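>
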Amino acid sequence: MNDQNKNLILATALSFLVILVWFVLFPPEEPAVDPNAPAAVQTTDTAAQPGVTAPDQTAIAAVPQAPRLPVDTPKLQGSISLQGGRIDDLSLKNYHVTTDDSSPIVRLLSPVGEDHAYYALYGWVPGGALEFSDVPGAETQWEIASGDTLAPGKPVSLRWDNRKGLVFTRELSIDEDYMFGVKDSVQNRGTAPVTLQPYGVVARHGTPPDLQNFFVLHEGVVGRTDGRLHEIKYDDVTELPEVAREGARAEVTEAATDGWLGFTDKYWMTVMVPEQGKPYTAVVKYNAAASIYQTETRLPAMTVAPGASGEVSSRLFAGAKEWETIRGYQNDQGIAGFIDSIDWGWFFFLTKPIFALLHWLNAQIGNMGLAIIALTFVLKFLVLPLAYKSYVSMARMKELQPEMEALKERAGEDKAKLQKEMMQLYKDKKVNPAAGCLPILIQIPIFFSLYKVIFVTLELRHAPFFGWLNDLSAPDPSSLFNLFGLLPWGTPEVGSILALVFIGILPILLGISMWLQQKLNPAPADPAQAMIFAWMPWVFMFMLGSFASGLVVYWITNNMITFIQQYAIMRSHGHKPDIFGNIRASFKKKPAPVVPPTKGKK
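Numbering-wise (my numbering), the sequence shown opens with residue 9 and increments by one.
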């Protein structure tokens with residue numbers, strides 16, 4: 009096998025690797041919901057501090073009809089249940105379920121009693137002589153002390169008196185975005201000191217109904233303790249170490265200075281943010297009997313003397329994972345590492361700056377599709393020095409073809425001699441035969457990173473380009489099946505076999521752009537090479553047909569820029585590509601190979 013064949017096969021393998029690694033999809037699993045599972049949530053298993061008694065599981069009754077406190081902000085609407093003071097009813101005003109603005113807005117949190125209950129709960133664990141009935145918990149009926157609607161600049165205050173000398177107050181606030189403030193205090197009017205421990209819980213009953221189970225996307229527990237990021241998928245939560253209570257599994261992490269903990273979906277999350285700079289205990293838990301996933305933040309226990317008060321503050325983020333918003337909480341409000349709640353993946357050192365640049369370009373241009381095209385130009389410019397050397401090396405390799413053919417004639421069947429003389433020729437002419445693969449090697453991490461950015465970032469969700477392309481995070485909705493809308497029937501369902509075959513306009517343009525790029529050079533004389541080159545554009549066309557249209561826009565743009573770069577470099581080396589001649593030649597019928605006569609026969 010000559011060096012050109014080796015390089016071709018290597019380049020082809022690398023090209024297919026870029027696609028195949030991301031083409032293998034893990035289909036979403038249907039969430040298993042036990043309709044007979046008890047509506048219950050655990051508060052804590054074992055007190056994290058001395059002097060605090062471990063509580064039993066606390067049952068939570070369904071409370072959609074319990075008294076509620078309205079929540080109304082520019083981005084959120086919903087209510088808080090006064091039973092338990094649970095933040096359990098939130099919807100995102102600015103995000104719809106589909107691209108149709110008349111579709112329902114996204115529901116983030118829902119109370120017990122509804123399917124897939126998902127809520128946040130704050131309370132106290134009793135210590136010493138206190139009982140669970142003496143402290144606020146999941147069933148406590150709070151009273152509104154002040155305020156009638158929770159809104160930015162309009163905090164509300166809740167109050168509960170245990171009638172045994174302890175008065176609890178909870179002040180709730182919210183900003184213009186998605187951050188709740190929770191300030192809990194206790195006043196000891198009794199005659200003896202009391203010990204108790206504040207906690208926060210975010211609980212999910214069953215797995216989310218829209219769980220994607222996609223291997224490049226993290227869904228499940230997300231958190232940070234003392235600079236370390238934690239990501240645990242739902243399946244892994246069910247495999248945590250068993251704890252004393254039968255059927256329960258948990259993982260406990262002590263944090264000394266900073267952190268946050270909760271659940272993340274693809275575009276939304278709900279996480280508790282304890283007061284930064286102070287210690288707390290992070291707990292991830294699974295109750296198999298009730299199919300409840302739970303995260304807890306346990307703050308240090310406190311002892312409150314008679315006539316004194318104790319107070320603790322924390323925050324709760326419940327909303328959309330908007331990059332700019334989350335970065336603001338990190339940079340301006342001191343929530344360390346909060347930007348890492350977005351799943352940047354293994355190539356975070358590329359995905360973060362790529363998205364930051366894409367976000368800035370979109371702000372300047374006002375169209376995400378055009379921003380992706382502009383980003384492609386920027387990335388191609390940044391790697392131009394390396395790409396230039398590769399394209400020059402490829403052009404010089406073509407110049408050496410006559411000398412290489414002469415070497416083959418002289419070497420005959422002596423492959424060792426041929427290899428040695430070819431290596432010497434490369435050395436004399438200062439040509440690197442492997443340099444032609446460098447553009448592919450450069451492209452792989454960039455492709456991975458851009459795929460990740462387009463797939464996981466909220467800013468690409470439902471982002472329109474033009475015409476029929478109304479969601480750059482989804483595949484091209486057009487289809488050959490109905491001649492791109494000219495015929496009076498719909499398109500195949502996304503993910504079906506028909507959808508893979510009857511691709512849209514963008515994948516077809518991708519195949520054409522790859523095919524044109526090939527026509528810068530004549531078809532290889534070697535039949536194996538010619539066959540691979542002939543099929544590659546159309547194989548890629550179908551493979552990328554189900555990818556996000558934003559990624560296909562990038563790939564098409566990248567192909568066209570590469571075409572221009574290669575054309576200019578070839579012209580600068582005295583070779584004018586005969587593009588139209590190469591296209592005509594590709595349609596000509598190849599002559600049948602001449603079979604030499606058998607020796608000894610006339």
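Heads up, the beta-carbon is just placed ideally off N, CA and C, and yes, glycines get one too. All values derive from a computational prediction rather than experimental measurement.
So, do the segment 323–337 and the segment 236–254 have three or more beta carbon pairs nearer to each other than 8 Å?
no
> Does the distance from the CB of S557 to the CB of A507 come in under 8 Å?
no
> With H, G and I counted as helix, E and B as strand and the rest as coil, what does DSSP make of G336?
helix
> How would you label Y288, buried or exposed, when you count the other beta carbons within 10 angstroms and need 16 or more for buried?
Classification of Y288: buried, given that the 10 Å Cβ count is 16 or more.
> Assign I362 to buried or exposed, taking buried as 16 or more other Cβ atoms, counted over all protein chains shown, within 10 Å of its Cβ.
Buried, because 16 or more other Cβ atoms sit within 10 Å of the Cβ of I362.
> Buried or exposed: where does S504 fall if 16 or more other Cβ atoms within 10 Å of its Cβ makes it buried?
exposed
> Can you grab the Cα-Cα spacing for the pair A159 / F325, in whole Å?
Straight-line spacing of the CA atoms in A159 and F325 works out to 15 Å.
> Going straight from the alpha carbon of V60 to that of P485, what length do you get?
Interpretation of V60 is limited by its pLDDT of 33, a score under 50 that renders its predicted location unreliable; the figure taken from the coordinates is listed afterwards. About 58 Å.
> Look at the Cβ atom of L174, then the Cβ atom of G198, and state whether they are nearer than 8 Å.
yes
> Which residue's Cα is closest to the Cα of I114: T233, T305, L225, D273?
In the sequence as displayed, the identity of residue 114 is Val instead of Ile. Closest option to V114, Cα to Cα, is D273.
> Please work out which residues of its chain come closer than 8 Å, Cβ to Cβ, to E614, disregarding the five sequence neighbours upstream and downstream, and give them in chain order.
Nothing about residue 614 can be read from this structure; the chain reaches only from 9 to 610.
> Answer with buried or exposed for A413, where buried requires no fewer than 16 other C-beta atoms within 10 angstroms of its C-beta.
Looking at the sequence provided, one finds Glu at residue 413 rather than Ala. The residue in question, E413, is exposed, as its Cβ has fewer than 16 Cβ neighbours within 10 Å.
> Within its chain, find whatever has a CB closer than 6 Å to the CB of R592; leave out the 5 residues flanking it on each side and keep chain order.
none
> Rounded to whole angstroms, what is the Cα-Cα separation between G161 and I454?
44 Å
> Just mark V291 as buried or exposed, buried being the case when its beta carbon has 16 or more other beta carbons within 10 Å.
buried
> Can you round the beta-carbon distance between P500 and M549 to whole angstroms, since I take them to be within the 8 Å contact cut?
Incorrect: roughly 17 Å between the Cβ atoms, too far for contact.
> Quick check on DSSP: helix, strand or coil for I350?
If DSSP states are grouped into helix, strand and coil, I350 belongs with coil.
> Can you tell which of V230, Y396, K172 has its C-alpha closest to the C-alpha of P314?
K172
> DSSP three-state label for K416, please.
Assigned with DSSP and collapsed to three states, K416 falls in helix.
> In whole angstroms, what separates the C-alpha of V251 from that of G270?
20 Å
> Reducing DSSP to helix, strand and coil, say where R115 ends up.
strand
> What three-state label does DSSP hand L237 in the structure shown?
strand
> Given A264, which residues of its chain have a CB within under 6 Å of its CB, disregarding the five upstream and five downstream residues?
D234, P287
> According to DSSP, is T54 part of a helix, a strand, or is it coil?
With a pLDDT of 35 at T54, under the threshold of 50, the modelled position of this residue cannot be trusted; read the value that follows with caution. Note: T54 maps to coil in three-state DSSP.
> Note down, one range per segment and in chain order, each alpha helix (DSSP H) of at least 4 residues found wholly within the segment 435–494.
446–464
> With distance defined between alpha-carbon atoms, name the residue in Y130, Q205, L415 nearest to G136.
Q205
> Count the other CB atoms, across all protein chains shown, that sit within 10 Å of the CB of P63; report buried if there are 16 or more and exposed otherwise.
A caution first: P63 carries a pLDDT of 47, below 50, which makes its placement in the model unreliable, though a value can still be read off. P63 should be labelled buried.
> Label I572 either buried or exposed according to how many other C-beta atoms from any shown protein chain fall within 10 Å of its C-beta, with 16 as the threshold for buried.
Under this definition I572 is an exposed residue.
> Taking the beta strand (DSSP E) that D192 falls in, what are its first and last residues?
Its beta strand (DSSP E) spans residues 187–196.
> Tell me W168's beta-bridge partners as DSSP assigns them.
F176
> Less than 8 Å between C-beta atoms, sequence neighbours within five positions excluded: which residues of the same chain meet that for A258?
D53, L248, P249, V251, V291, V292, K293, Y294
> By the 10 Å Cβ neighbour count, where 16 or more other Cβ atoms means buried, how is V41 classified, buried or exposed?
Because V41 carries a pLDDT of 33, less than 50, the predicted location of this residue cannot be relied on, and no value is offered for it.
> Along the chain, where does the alpha helix (DSSP H) containing F271 start, and where does it finish?
Per DSSP, F271 belongs to no alpha helix (DSSP H); it is in the beta strand (DSSP E), 267–272.
> Which of the three DSSP states, helix, strand or coil, is assigned to Q220?
coil
> In the DSSP assignment, find the unbroken beta strand (DSSP E) run with V281 in it and report its ends.
276–282
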